[in-house]
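Chains Z and C supply the protein sequences, listed in that same order.
With the numbering used here applied, the first sequence covers 1 to 299.
With the numbering used here applied, the second sequence covers 1 to 346.
Beta carbons: idealized from backbone N, C-alpha and C, even for Gly.
Because the structure is a prediction, the values reported are computed rather than measured.
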Amino acid sequence: MSWETISNFVQLILNGLAVGSVYAVVALGFVIIYKASDVFNFAQGELTTLGAFICYFLIIHLQLPIIWAFLLTFVLMAVIAILIEEVFFRPLVGEPLFSVIMVTVGLSVFLKGVIGLSCGYTIRKFPSFVSENPISVAGLVISPIHLTTIIITTILVILCALFFKYSMTGIAMRAVANDQDASFLMGISVRRIFGSSWAASAIVASIGGILLSSITILHPSTSAVGIKVFPAVVLGGLDSIPGAILGGIIIGVVENLVGGYIDPLVGGGLKEITAFLILIAIMMIRPYGLFGKEEIERV
Amino acid sequence: MRSGDLKTSYSEDIALLETPFVKACIGLFVILLLGFVLVGDKYSIYIINLAAIATIGSLGLNLLTGFTGQIAVGHAGFLAIGAYSSAILTGHGLPFLVALPLSGFISAGVGLLVGIPSLKLKGLYLAITTFAFGFIVEHLANSWDSLTGGAQGIAVNPASVFGICFDTDRSFFFLVFPLTVLAILFGSNLVRSKPGRAWIAIRDRDIAAETIGIDLYHYKLSSFAVSSFFGGIAGSLMAHYLQYIGPTHFSLLVSIQYLAMIVVGGLGSILGSIFGAVFMTILPELLKLLPDLLRHSCPALVDKFADINLILYGLIIMLFIIFEPGGLNAIWNRIKVYWRMWPYTH
């Protein structure tokens, strides 16, 4: 193999890693809600876009310094998520799965409309917060924003792992996920845990949204990333944080490899559905994913 | 009004329309509908036709999701398969009368394939899988240019049966109405016979159903097949009615619209599917009147009408699930019970 083939391959992997890390961040948001409250949030993509738009307006229209804009975005998104949880999901505790899924589907359509109505459909560019000159090492090119994404993902993963392992809230969240009734009896406020898991998830979602819109563009259609992340979440196992990260990265890399090597052979179009073909394959072979807990039903 | 009706024979007990009063009401409704179509304007007939097509589709989805409990978030995929196969088959010279059932069967075949994971997967996982299916079909419709015409879509011949061409709104009604009635009859008889009862048992508790001897493999797959058959027929009718189809007709939003129909109408109810289909068809048309109203008070909102539509869809789905999980059908039943004994309600 010539050097060029190898460097081409490594370049595809690198791009895949960068895209995959964004998937991983968004997937993380899914998993946090699912882990604590068993709600699979079809509206996660919209939360992601909403976060990016809020941050954009804070920076452009209120002229806030970037770091304050980020922090304020997190606070606002947390408040919005807690409100959503209070209003739409609190009445559904104990209701059948179908109702919960349908409410998240309804929420996604609703938020899509709200975003479109308030932000419009012009294509915007998110103000860049890192330099735009690509870094090149040994013939491989990576843009700083991709590098930042990979670094932020790594930091988020470590933070999340520490949070769930050592913090009081994190431990309480795991307890609630494991057994709601028992943790209620142990004096954990299940209400508050649901609220804080939604808030945490919305903050992670807005980080994902900011990264994603910095890499691509800021547009209401960005929320489609929520759909693309499903395969990542399922591949990793719905309730596993390392799974979500690994799933996101695997999907990102495979997608890029398919786009680079197989798409030219079949005339294109395969890259976009690779993730979903993987998804269906996982469903057939190992529905609980790489790290998810296997559900065993007792009669 | 109707109260304390005494049944003296088995055939009375299994009759679909139980009392002369119900029969008279249905008869009156059909006569009024036919009369309206004969004198009504083009636009109203257009809406009625769309509602009739949507009824067939939502019946199919309700059989699968409402009666068998298999959450399917990709119904538009089946509509797309029915529509494209019918369009392509009639494009190659096949008569409509053959292409219509054939497109239903093609769709049912794909439905069987999609149903296979349901043997292993439940609830959430199945929802995600069907979601992926809907996405893949939409993507194929968009990018398989040689077959589907890509993003531009393809023109479809108007339906014609024995030389009669159903190419106007009014004439198409006389094609779609009997088919809708047939679908409703088929659906309501299906759910009260053996397969329907098996499906309901599976929905309520699949393990218990299996223990009492219901073949899960057979009945889950048959539910998928019947549901996608209905979807395929609805898609085919839509293609021949609009005489043009493109990927936008089968987007994710359409799947959600169909789910909204059965949620709003009432899960696990035939009448509910009809209510839901009619409601969700009329609603966007009513919303189109909104821009005219807003033009004076709030002109900025006029061209935002698509987004207002989305917001209302979302709200309707969420509010119905939270406050009226039984849907319009439950409201209808309450009204019926109230009037049954009126004025002596106790």
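Could you list which residues in chain Z have their beta carbon closer than 7 angstroms to that of residue i, in chain order?
{"i": "Phe-177/C", "result": "Here the premise fails: no neighbours, minimum Cβ distance about 30 angstroms."}
{"i": "Ile-56/C", "result": "Within chain Z, no residue comes near Ile-56/C; the closest Cβ sits about 22 angstroms away, beyond 7 angstroms."}
Of all the options the options, which has the alpha carbon lying nearest to the alpha carbon of residue i?
{"i": "Leu-83/Z", "options": "Val-19/Z, Ile-278/Z, Ala-199/Z", "result": "Ala-199/Z"}
{"i": "Ile-135/Z", "options": "Glu-272/Z, Leu-14/Z, Asn-178/Z, Leu-107/Z", "result": "Leu-14/Z"}
{"i": "Gly-82/C", "options": "Trp-332/C, Leu-267/C, Gly-235/C, Pro-284/C", "result": "Gly-235/C"}
{"i": "Gly-226/Z", "options": "Tyr-23/Z, Phe-70/Z, Arg-90/Z, Ile-155/Z", "result": "Tyr-23/Z"}
{"i": "Leu-79/C", "options": "Gly-187/C, Ser-255/C, Ile-262/C, Leu-179/C", "result": "Ser-255/C"}
{"i": "Cys-119/Z", "options": "Ser-221/Z, Leu-270/Z, Ser-201/Z", "result": "Ser-221/Z"}
{"i": "Phe-166/C", "options": "Ile-262/C, Gln-243/C, Pro-195/C", "result": "Gln-243/C"}
{"i": "Gly-289/Z", "options": "Gly-247/Z, Leu-28/Z, Gly-237/Z", "result": "Gly-237/Z"}
{"i": "Gly-113/Z", "options": "Ala-330/C, Leu-315/C, Ile-322/C", "result": "Leu-315/C"}
{"i": "Gly-272/C", "options": "His-218/C, Ser-58/C, Phe-133/C", "result": "Ser-58/C"}
{"i": "Gly-91/C", "options": "Gly-40/C, Val-156/C, Gly-149/C, Asp-215/C", "result": "Val-156/C"}
{"i": "Leu-61/C", "options": "Ser-222/C, Tyr-313/C, Asp-206/C", "result": "Ser-222/C"}
Within 10 angstroms of the Cβ of residue i, are there 16 or more other Cβ atoms? Answer buried if so, exposed if not.
{"i": "Ser-9/C", "result": "exposed"}
{"i": "Gln-63/Z", "result": "exposed"}
{"i": "Glu-294/Z", "result": "exposed"}
{"i": "Thr-104/Z", "result": "buried"}
{"i": "Gly-213/C", "result": "exposed"}
{"i": "Asn-189/C", "result": "exposed"}
{"i": "Leu-32/C", "result": "exposed"}
{"i": "Ile-274/C", "result": "buried"}
{"i": "Trp-199/C", "result": "buried"}
{"i": "Arg-192/C", "result": "exposed"}
{"i": "Gly-252/Z", "result": "buried"}
{"i": "Arg-203/C", "result": "buried"}
{"i": "Asn-41/Z", "result": "buried"}
{"i": "Ala-15/C", "result": "exposed"}
{"i": "Ile-255/Z", "result": "In the sequence on display, residue 255/Z carries Glu and not Ile. Buried: at least 16 other Cβ atoms inside 10 Å."}
{"i": "Glu-132/Z", "result": "exposed"}
{"i": "Ala-52/C", "result": "buried"}
{"i": "Ser-107/C", "result": "buried"}
If the cut is a Cβ gap below 7 angstroms, which residues of chain C does residue i touch?
{"i": "Glu-272/Z", "result": "His-139"}
{"i": "Ser-99/Z", "result": "Ile-321, Pro-325"}
{"i": "Phe-276/Z", "result": "Ala-132, Phe-135, Ile-136"}
What residues of chain Z sit near residue i, judged by a beta carbon separation below 8 angstroms?
{"i": "Lys-304/C", "result": "Gly-116, Leu-117"}
{"i": "Ser-223/C", "result": "Result: empty, since nearest Cβ-Cβ is about 15 angstroms, beyond 8 angstroms."}
{"i": "Leu-124/C", "result": "Phe-40, Leu-97, Ile-101, Leu-238"}
{"i": "Ile-71/C", "result": "Leu-97, Phe-98, Ile-101"}
{"i": "Ile-308/C", "result": "Gly-113, Leu-117"}
Please report how far the alpha carbon of residue i lies from the alpha carbon of residue j, in whole angstroms.
{"i": "Ala-99/C", "j": "Ser-223/Z", "result": "38 angstroms"}
{"i": "Pro-101/C", "j": "Ser-227/C", "result": "14 angstroms"}
{"i": "Ile-54/Z", "j": "Thr-148/Z", "result": "21 angstroms"}
{"i": "Pro-284/C", "j": "Ile-56/C", "result": "19 angstroms"}
{"i": "Tyr-84/C", "j": "Ser-197/Z", "result": "44 angstroms"}
{"i": "Tyr-241/C", "j": "Ala-277/C", "result": "17 angstroms"}
{"i": "His-146/Z", "j": "Ser-240/Z", "result": "25 angstroms"}
{"i": "Arg-334/C", "j": "Lys-220/C", "result": "32 angstroms"}
{"i": "Gln-257/C", "j": "Gly-51/Z", "result": "26 angstroms"}
{"i": "Phe-92/Z", "j": "Lys-125/Z", "result": "Strictly speaking, residue 92/Z in this sequence is Leu, with Phe absent from that position. If you take the alpha carbons of Leu-92/Z and Lys-125/Z, they lie about 38 angstroms apart."}
{"i": "Phe-320/C", "j": "Gly-327/C", "result": "6 angstroms"}
{"i": "Gly-109/C", "j": "Ala-54/C", "result": "21 angstroms"}
{"i": "Ser-269/C", "j": "Phe-67/C", "result": "8 angstroms"}
{"i": "Ser-21/Z", "j": "Ile-207/Z", "result": "12 angstroms"}
{"i": "Leu-179/C", "j": "Met-318/C", "result": "32 angstroms"}
{"i": "Phe-352/C", "j": "Ile-88/C", "result": "Because chain C is modelled from 1 through 346, residue 352/C falls outside the range shown and cannot be assessed."}
{"i": "Ala-208/C", "j": "Thr-129/C", "result": "25 angstroms"}
{"i": "Leu-47/Z", "j": "His-249/C", "result": "26 angstroms"}
{"i": "Ile-285/Z", "j": "Val-25/Z", "result": "25 angstroms"}
{"i": "Met-1/C", "j": "Lys-23/C", "result": "In this prediction, Met-1/C has a pLDDT of 47, which is less than 50 and means its spatial position is unreliable; what the coordinates show is noted afterwards. Their backbone Cα atoms lie some 13 angstroms apart in a straight line."}
{"i": "Thr-49/Z", "j": "Leu-185/C", "result": "45 angstroms"}
Name, please, each residue of chain C whose Cβ falls closer than 8 angstroms to the Cβ of residue i.
{"i": "Pro-91/Z", "result": "Ile-322"}
{"i": "Leu-279/Z", "result": "Ile-128, Thr-129, Ala-132"}
So which residues of chain Z does residue i contact, with C-beta pairs closer than 9 angstroms?
{"i": "Ile-317/C", "result": "Met-102, Val-103, Val-105, Gly-106, Leu-107, Val-109, Phe-110"}
{"i": "Tyr-313/C", "result": "Gly-106, Val-109, Phe-110, Gly-113"}
{"i": "Lys-336/C", "result": "The premise fails here: Lys-336/C is roughly 25 angstroms from chain Z at the closest Cβ pair, so nothing lies under 9 angstroms."}
{"i": "Lys-120/C", "result": "Met-283, Met-284, Pro-287"}
{"i": "Ile-214/C", "result": "The premise fails here: Ile-214/C is roughly 15 angstroms from chain Z at the closest Cβ pair, so nothing lies under 9 angstroms."}
What residues from chain C crowd round residue i, counting only those whose CB sits closer than 9 angstroms?
{"i": "Pro-264/Z", "result": "Those do not exist, as Pro-264/Z stays about 15 angstroms from chain C at its closest Cβ, beyond 9 angstroms."}
Identify the contact partners of residue i in chain D, using a Cβ-Cβ distance below 9 angstroms as the criterion.
{"i": "Gly-269/Z", "result": "Annotation note: the requested chain D is absent from the structure, which comprises protein chains Z and C."}
Of all the residues that make up the stretch 214 to 248 of chain Z, which are near chain C by a beta-carbon distance shorter than 8 angstroms?
Listed by position, the residues of the stretch 214 to 248 of chain Z near chain C (Cβ gap below 8 angstroms) are Ile-227, Phe-230, Pro-231, Val-234, Leu-238.
Please list, in chain order, the residues of the stretch 259 to 271 of chain C that have any C-beta partner in chain Z closer than 8 angstroms.
Listed in sequence order: Leu-259, Ala-260, Val-263, Leu-267.
Quick one: which residues of the stretch 71 to 89 of chain Z get their C-beta closer than 8 angstroms to a C-beta of chain C? List them in chain order.
Phe-88
Residues, ordered as in the chain, of the stretch 148 to 178 of chain Z that lie near chain C by beta-carbon distance below 9 angstroms
Answer set for the stretch 148 to 178 of chain Z: empty.
Compile a chain-ordered list of the residues in the stretch 283 to 295 of chain Z whose CB is closer than 7 angstroms to at least one CB of chain C.
Met-283, Met-284, Pro-287
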